[in-house]
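In my numbering, the protein residues as written are 671 to 1220.
These notes concern the structure reproduced below.
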C-alpha cells in the first residue's frame, strides 16, 4: 500500500507540474501578439533577472532547465506591469546524482545496462554524446525526461536524436592558396569520406604541425550544409629560406691553430611547389673543401613522385678531387615518409703524383633509400625524429690499373628528441656507414666524417674509414621557448683497412643555443680523442654558429 501511495503521490506531482507548464506556455503565447512587450525571467532563489526576446524564448529557456538536471522547475508567479512581463520561477534542486534509464538504442550502442544509479549525470550524458559524435553524428541531441522517482531520486530517461551522420566531404583553402595541387589531392585522398569526429579533426591539424612550408593561421572551421561538410583551412606561408653558418676554432694535425667553417643556404618554396635548392660549402682545418649543390622537387608533374638532384665536389688541398652526382626519384608514402631509387656517378682524380695512397677511379651504381622526418613543435629543435637509411650497389673501376670491383654500400642515420619531463629532454642520435669490397680501398674513396654534425670533438672530415659508427646522448634543458643548454657524450668506432686501424673514439662537450633577432645562435665546446690517449685541453674545439630564416 505504501508503495502504491508513493507512486500515486509522484504521479500527482508530475501531473501538477505538467499542468503548470502548459498553463504558462498558453499564458505567454496569448500575450505575444502585443506590441513592444518586454519579458523578464527572474530566478526566485538567486534573484538574477534575465531579459528575453519574447514569450517563446521564455518557454524555451524554462524547458531547457530540465536538460541541465533541474527536473522540477516551478513557475511561481507572472506579473504584468504595462508593457513589461516578469516571470518568477524556482529551478529547484539540481539532480546530478540520480537514477538513469536508457533507451534501447543507447543500450545497444554502448553495450551497457538499461537502468543504473549514477553520482554524475553530467558525465554520463557527456559519455553518451561523445559516443555518437565519434561516429559522425555531430548534431546528436540527448533528451532528458522524468516520469517517476525512486528512493527519493528522480529516474531520468535518456534518449538520443542522432540527426544525420556527417563525413568529411572536402577542404577549402583560404589565405595562402598557392600550394601544390598534389598536396591537396593527397589531403583529400586521406580524409575525404572519413567520419567527421575529433579523431580525424586532430589528424587534419597534425598534417600542418611542424610542416616545413605551411602553418595554420587559425584553427580550421567547418561549414555544414544539408548535403555536405566542408573544412576550411586558413593557410599561411612560412619563412623557410635558411642561412646556416658555423665558424670553428681548433688545431690541425701539426698542432697549429686554424680557422674553419661551414655555410649552408637553403632556398625553399620560392616557386610555391615545396621545392628546395641547397648550397653547402665547408672548409676543414687540413685544407679540405667540400661543396654540395642539391635541388629537390617533391611533386613532379603534380604526381606523388619527387626528383632529387645532388652534385658533390670534394677537394683535398692539391692532393685529389672527387666529383659525385646523385640523381634520385622517390615516392611520397605520406607527408613525412618517402622511399626512393637513386643512381651514383663518381669520379676521383689524383692531382699530386707523389700521393701514392690514392688512385684514380670512377663509380657507377644504383641504390634504394628511405627517409622519415617527424616535425617538432619546439622551434629550438629542427625535428622530433629523423630516420634515413639506404643501400647502394656500385661498380668501381680503377682506371690506371684497369681493375673493376663490385661494392656494397650501407648507410644509417637516426635521431630522436625524447621529453624526459617538463623542460628536460634527451637527444638520442646514431649514425653508421659501411663500404664492402673484395679489393682494398684507396684513401681517396673512404668515408670522411667528424666535426660539428657528427663526432663533434674532432676536426671536420678528419676521420676516414671504410666502416664507422657512433652513438650520441645529449641532455638538453630548455629555458622557456628561447634557449636551451646541453651536455653531451659520444662513443664511436671506425675501421680503416688500408691503415689496419680500429680505434675506439669518444667525444664530450657542452653548449648553449638561444634565439636572437636574426635567428638561432649556437655555441659549443667539445673535445674528442681515442680511448687510451691522454686528455688534452689544447685539443678543445670551439664552434659558433647562427641559423637564420628569411
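Glycine included, every Cβ here is placed at the ideal spot set by N, Cα and C.
Is residue 1170 helix, strand or coil by DSSP? Coil, per DSSP.
Taking 7 angstroms as the limit between beta carbons, can you name the residues of its chain near residue 879, skipping five residues before and five after? 1045 and 1047
Can you grab the Cα-Cα spacing for the pair residue 867 / residue 1007, in whole Å? 25 angstroms
Kindly provide the ranges of any alpha helix (DSSP H) runs that are 4 or more residues long and lie completely inside the region 775-844, ordered along the chain. 791-803
Sufficient close CB pairs (3 or more, under 8 angstroms) joining the region 1055-1066 to the region 1032-1041: Taking 8 angstroms as the limit for Cβ pairs, the verdict is that the region 1032-1041 does touch the region 1055-1066.
Rounded separation between residue 968 and residue 912 - CA only: Distance between the alpha carbons of residue 968 and residue 912 is about 18 angstroms.
For residue 1066, the first and last residue of its enclosing beta strand (DSSP E): 1055-1068
Starting from the Cα of residue 954, find the closest Cα among 788, 726, 1168 and 1128 and give me that residue. Selected option, being the one with the closest Cα: 1128.
Exposed or buried, what is residue 703 when buried is set at 16 or more other beta-carbons lying within 10 Å of its beta-carbon? Low confidence applies here, because residue 703 scores a pLDDT of 46, under 50, leaving its location unreliable and the question unanswered by this model.
How big is the Cα-Cα spacing for residue 916 and residue 780? A straight line joining the alpha-carbon of residue 916 with that of residue 780 spans about 60 angstroms.
Identity of the residue in 892, 907 and 871 nearest residue 846 by Cα: 907
Closest Cα partner of residue 1070 within the set 807, 1031, 1132 and 1094: 1031
Is it true that the CB of residue 990 sits closer than 7 angstroms to the CB of residue 1021? Against a cut-off of 7 angstroms, the Cβ pair of residue 990 and residue 1021 comes out as a contact.
Candidates 910, 902, 1178 and 1141, of which the one nearest residue 1219 by Cα: Ranking 910, 902, 1178 and 1141 by CA distance to the CA of residue 1219 puts 910 first.
Name the two residues that bound the continuous beta strand (DSSP E) containing residue 998. 990-1002
Does DSSP put residue 636 in a helix, a strand or coil? Since the displayed the chain opens at 671 and closes at 1220, residue 636 lies outside it and no answer follows.
If you check the beta carbons only, do residue 1103 and residue 1141 fall under 7 angstroms apart? no
Three-state secondary structure assigned by DSSP to residue 727: helix
Would you kindly report the start and end of the unbroken alpha helix (DSSP H) that includes residue 735? First-last for residue 735: undefined, no H or E at that position.
Is the closest heavy atom of the ligand NAD to the C-beta of residue 990 under 6 angstroms? With respect to small molecules bound, the structure shown includes none, and the ligand NAD cannot be examined in it.
Quick check on the DSSP output: what are the complete beta strand (DSSP E) runs of length 3 or more inside the region 1118-1187, in order along the chain? 1133-1135, 1137-1149, 1153-1165 and 1174-1186
Residue 1121 to residue 1181, Cα distance in whole Å? 14 angstroms
When the Cβ atoms of the region 723-731 are set against those of the region 763-773, are three or more pairs found closer than 8 angstroms? no
8 angstroms Cβ shell around residue 931 - same chain, five flanking residues per side excluded: Cβ within range, chain order: 915, 916, 917, 918, 952 and 953.
Report buried or exposed for residue 678, applying the criterion of at least 16 other Cβ atoms within 10 angstroms of its Cβ. Model confidence at residue 678 stands at a pLDDT of 33, short of 50, so the residue's coordinates are unreliable; what they give is reported in the following sentence. The residue is exposed, with fewer than 16 neighbouring Cβ atoms inside 10 Å.
DSSP has residue 904 in a bridge; who is on the other side? For residue 904, which the question treats as bridged, DSSP gives the partners 844.
How many Å lie between residue 1213 and residue 965 at the Cα? 28 angstroms
What are the boundary residues of the alpha helix (DSSP H) that includes residue 887? Neither: residue 887 is in no alpha helix (DSSP H) and is coded neither H nor E.
For residue 1217 and residue 890, what's the separation of their Cα atoms in angstroms? Counting only the Cα atoms, residue 890 lies some 31 angstroms from residue 1217.
Which residues does DSSP pair with residue 1076 in a beta bridge? 1065
Please say whether residue 839 and residue 898 have beta carbons closer to each other than 7 angstroms? Their beta carbons are under 7 angstroms apart, which means residue 898 touches residue 839 by this criterion.
Residue 813 and residue 829: beta carbons closer than 7 angstroms? Closer than 7 angstroms, so yes.
Buried or exposed: residue 1202, going by 16 or more other Cβ atoms within 10 Å of its Cβ? exposed
Straight-line CA distance for residue 863 to residue 746? 52 angstroms
Can you say whether residue 824 is buried or exposed, counting buried as having 16 or more other CB atoms within 10 angstroms of its CB? Its Cβ being crowded by 16 or more others within 10 Å, residue 824 is buried.
Which class does residue 741 belong to by DSSP, given the choice of helix, strand or coil? coil
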